[in-house]
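Letter by letter, the sequence shown follows residues 1 to 414 in the working numbering. This report concerns only the one structure given below.
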Amino acid sequence: MKMLQLRGTTKEENEILTRVGPGTPMGELLRRYWWPVGVSADLKEKPTFIRVLGEDLVLFRGKSGKAGLLGAYCPHRRANLCLGNVVGEDLRCRYHGFTFDVAGKLVYVPKEVPDPEAYMAGVQHLAYPVQELGGLIFAYLGPQPAPLLPRFQFLAAPGERHAKITGISNCNWLQCVENGMDPLHVAYTHGGTSLEGLDVEPDMFFEETPWGLVHKAYRPERDGRWNYREHHLLFPGISCGGTPGRYVEGSAGTPLMSARWSVPIDDTTTLILRCTLKPADNPGRFVRDPLPPVWKAVTVEPYKEYKHRNEDGSVTLGYTIPRFVATEDATLIDSLGPIVEREKEYLHPQGDFGMFVLRTMYLREVEKVRAGRDPIGTVRDPAQNELIEITAYERWITEAERQAHRAQARPITL
Ligand code: FES
Ligand SMILES: [Fe+2]
């Protein structure tokens with residue numbers, strides 16, 4: 001009998017999948033990976049207050065250029081260290097002057113403190129390791145020994161690279177990640193608007209990779225060729241696709257690629273960062289900003305139109321989404337609510353297959369971590385980490401190429 005629906009996600013599973021704080025099952029899995037938490041070029045002499053996986057933290061850069069990440073609340077009397085000052089390589093609290101190095105060691109207290117050496121030895125402040133790569137600042141919030149920061153080619157290969165925070169979603173991180181594994185939405189959310197040529201439902205399938213999941217989609221084009229797109233999900237939160245070529249004139253050689261991180265700020269807020277690489281052998285020229293900050297949802301709310309009337313007092317009902325792919329995505333994702341009630345969904349076995357597989361994989365990896373094992377995508381061998389290639393490109397292929405490609409596919413089946 002033909003399957004009409006996929007098994008849905010239960011309320012309990014949804015709870016596991018969406019809670020990111022310390023000690024939660026998913027929070028523990030997510031803490032086994034390096035996360036981008038800022039943009040290198042943005043971090044200058046002043047510290048900044050951030051939140052990652054529900055933890056309040058302060059990011060700063062010492063005078064020599066080395067970045068540090070400390071718990072936000074000073075262990076003396078809990079002032080926020082983002083208001084403090086960088087002194088040499090260390091961060092000094094603005095309230096009473098306690099000063100911490102990048103390892104969270106208290107290295108200075110005011111003279112009034114009796115027996116300062118003994119006092120300082122008794123204080124250890126929260127500190128996490130930080131690394132910079134490809135224009136982004138990465139942090140690791142998990143147990144030691146930390147795995148290596150994967151050198152994906154969009155971060156480490158030579159070429160022209162752009163990295164930026166493009167927005168913040170007012171919803172759970174998984175909604176942002178799932179959008180990247182949802183090939184069906186491309187036709188309806190973006191088709192006929194900002195992504196010309198994609199308003200056709202594709203022939204598609206999913207494969208598991210050493211890094212996560214990939215969906216491969218073929219769309220027929222007029223001249224008998226096929227538009228072929230690979231969209232990867234690199235665990236746990238990198239969506240990696242191949243459309244940024246549309247921002248470049250004269251693209252040739254290795255196609256451009258782009259990665260989007262959905263970084264959980266907390267359970268209901270997500271930081272969206274992006275990195276685009278134009279490989280060194282590609283002579284193309286950017287004709288538009290490759291990373292406009294347009295991950296910005298049009299928020300929906302009851303009777304919104306009556307709160308924001310036209311200038312003459314009349315109202316215009318309905319919503320208009322600006323025609324940027326990222327704005328379209330951000331708007332639809334936010335419209336699902338802060339944490340989508342997955343137990344109420346009706347998943348179908350074609351277009352929703354990616355959601356189903358992805359959730360199954362997250363729950364499987366949660367169990368691995370519970371059992372004390374490394375989850376998928378953990379890199380510990382430096383030889384394996386020189387350069388990690390991901391073929392998340394958009395290409396145009398012939399019918400013969402499509403058939404050959406299809407014959408080698410290992411699609412995930414139920
Ligand atoms: S609260 Fe930071 S030094 Fe007192
Ligand atoms: Fe989209």
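By construction, the Cβ of each residue, glycine as well, lies at the ideal position given by its N, Cα and C atoms. What you are looking at is a predicted structure, and each value in this text was computed from that prediction instead of being measured.
Between which residues of its own chain and residue i is the CB-CB distance below 7 Å, once the five residues before and five after are set aside?
{"i": "Val-87", "result": "Thr-99"}
{"i": "Pro-116", "result": "Val-109"}
{"i": "Tyr-393", "result": "Glu-230, Gly-242, Pro-255, Met-257"}
{"i": "Pro-411", "result": "Phe-205, Phe-206, Glu-207"}
{"i": "Tyr-435", "result": "Not covered by the structure: residue 435. The range shown for the chain is 1 to 414."}
{"i": "Leu-126", "result": "Leu-70, Gly-71, Gly-104"}
{"i": "Tyr-247", "result": "Phe-286, Val-287, Arg-288, Pro-290"}
{"i": "Thr-378", "result": "Arg-32, Pro-147"}
{"i": "Ala-156", "result": "Leu-133, Gly-134, Leu-387"}
{"i": "Asp-101", "result": "Glu-89, Asp-90, Val-107"}
{"i": "Ala-407", "result": "none"}
{"i": "Glu-28", "result": "Val-369"}
{"i": "Leu-358", "result": "Glu-178, Met-181, Leu-213, Leu-233"}
Closer than 8 Å by C-beta to residue i: which residues in its own chain qualify, once you throw out the five before and the five after it? Chain order, please.
{"i": "Tyr-306", "result": "Val-315"}
{"i": "Arg-402", "result": "Tyr-218, Trp-226, Tyr-228"}
{"i": "Ser-194", "result": "Legend: pLDDT at Ser-194 = 47, less than 50; position of this residue unreliable, value from coordinates given subsequently. Answer for Ser-194: Arg-323, Phe-324, Val-325, Glu-328, listed in chain order."}
{"i": "Thr-398", "result": "Gly-224, Arg-225, Trp-226"}
{"i": "Val-39", "result": "Gly-135, Leu-136, Ile-137, Ala-163, Lys-164, Ile-165, Leu-273"}
{"i": "Arg-77", "result": "Tyr-95, His-96"}
{"i": "Leu-336", "result": "Cys-171, Gln-175"}
{"i": "Pro-129", "result": "Leu-69, Ala-139, Tyr-140, Ala-146"}
{"i": "Trp-396", "result": "Glu-221, Arg-225, Trp-226, Asn-227, Tyr-228"}
{"i": "Met-355", "result": "Glu-178, Met-181, Asp-182, Leu-347"}
{"i": "Ile-168", "result": "Ile-265, Thr-269, Thr-270, Leu-271, Ile-272, Trp-295"}
{"i": "Val-263", "result": "Trp-35, Pro-36, Val-37, Val-52, Trp-173, Gly-237, Thr-270, Leu-271, Ile-272, Leu-273"}
{"i": "Asn-310", "result": "Thr-316"}
{"i": "Ile-333", "result": "Ser-169, Cys-171, Gln-175, Cys-176, Asn-179, Ala-297"}
{"i": "Ala-409", "result": "Phe-205, Glu-207, Lys-216"}
Below 8 Å on the Cβ atoms is my contact criterion, and I expect residue i with residue j to pass it. Report the Cβ-Cβ distance as a whole number of Å.
{"i": "Leu-148", "j": "Pro-322", "result": "Going by Cβ atoms, the distance from Leu-148 to Pro-322 rounds to 39 Å, so no, they are not a contact pair."}
{"i": "Ala-84", "j": "Arg-92", "result": "Sequence check: residue 84 is Gly here, not Ala. Contact holds; Cβ gap of about 5 Å."}
{"i": "Pro-22", "j": "Ile-16", "result": "Not quite, the Cβ-Cβ distance comes to about 15 Å (not below 8 Å), so this is no contact."}
{"i": "Leu-256", "j": "Arg-274", "result": "Going by Cβ atoms, the distance from Leu-256 to Arg-274 rounds to 12 Å, so no, they are not a contact pair."}
{"i": "Asn-385", "j": "Pro-150", "result": "6 Å"}
{"i": "Phe-152", "j": "Ala-259", "result": "7 Å"}
{"i": "Leu-81", "j": "Leu-53", "result": "Actually they are not in contact, since the Cβ atoms of Leu-81 and Leu-53 sit about 18 Å apart, beyond 8 Å."}
{"i": "Gly-284", "j": "Ala-252", "result": "7 Å"}
{"i": "Phe-235", "j": "Pro-375", "result": "7 Å"}
Note down, in chain order, each residue of its chain lying with its Cβ closer than 6 Å to the Cβ of residue i, except the 5 sequence neighbours on either side.
{"i": "Glu-345", "result": "Gly-8"}
{"i": "Val-113", "result": "Tyr-119"}
{"i": "Pro-338", "result": "Cys-171, Thr-268"}
{"i": "Gly-159", "result": "Leu-277, Lys-278, Pro-279, Ala-280"}
{"i": "Leu-414", "result": "none"}
{"i": "Glu-13", "result": "none"}
{"i": "Arg-342", "result": "Thr-9, Asn-14"}
{"i": "Gly-212", "result": "Leu-233, Leu-234, Phe-235"}
{"i": "Asp-56", "result": "Ala-72"}
{"i": "Pro-75", "result": "Val-123, His-125"}
Taking 6 Å as the cut-off, is the C-beta of residue i nearer than that to any heavy atom in ligand 4?
{"i": "Asn-282", "result": "This structure simply doesn't include ligand 4; it includes ligand 1 and ligand 2 instead."}
Subject >> Pocket of ligand 2 defined by Cβ to heavy atom distance under 7 Å >> reply: Asn-179, His-185, Val-186, Thr-189, His-190, Val-325, Glu-328, Asp-329
Original post:
If you measure from each residue's Cβ to the nearest non-hydrogen atom of ligand 1, which ones come out under 7 Å, in chain order?
Top reply: Cys-74, His-76, Arg-77, Arg-78, Ala-79, Cys-93, Tyr-95, His-96, Gly-97, Phe-98
Original post:
Are three or more beta carbon pairs between the region 33-51 and the region 60-80 nearer than 8 Å?
Top reply: yes
Original post:
Does the count of Cβ pairs from the region 124-144 and the region 25-37 closer than 8 Å reach three?
Top reply: yes
Original post:
Is it a yes or a no for the region 169-183 touching the region 231-238, going by three-plus beta-carbon pairs under 8 Å?
Top reply: yes
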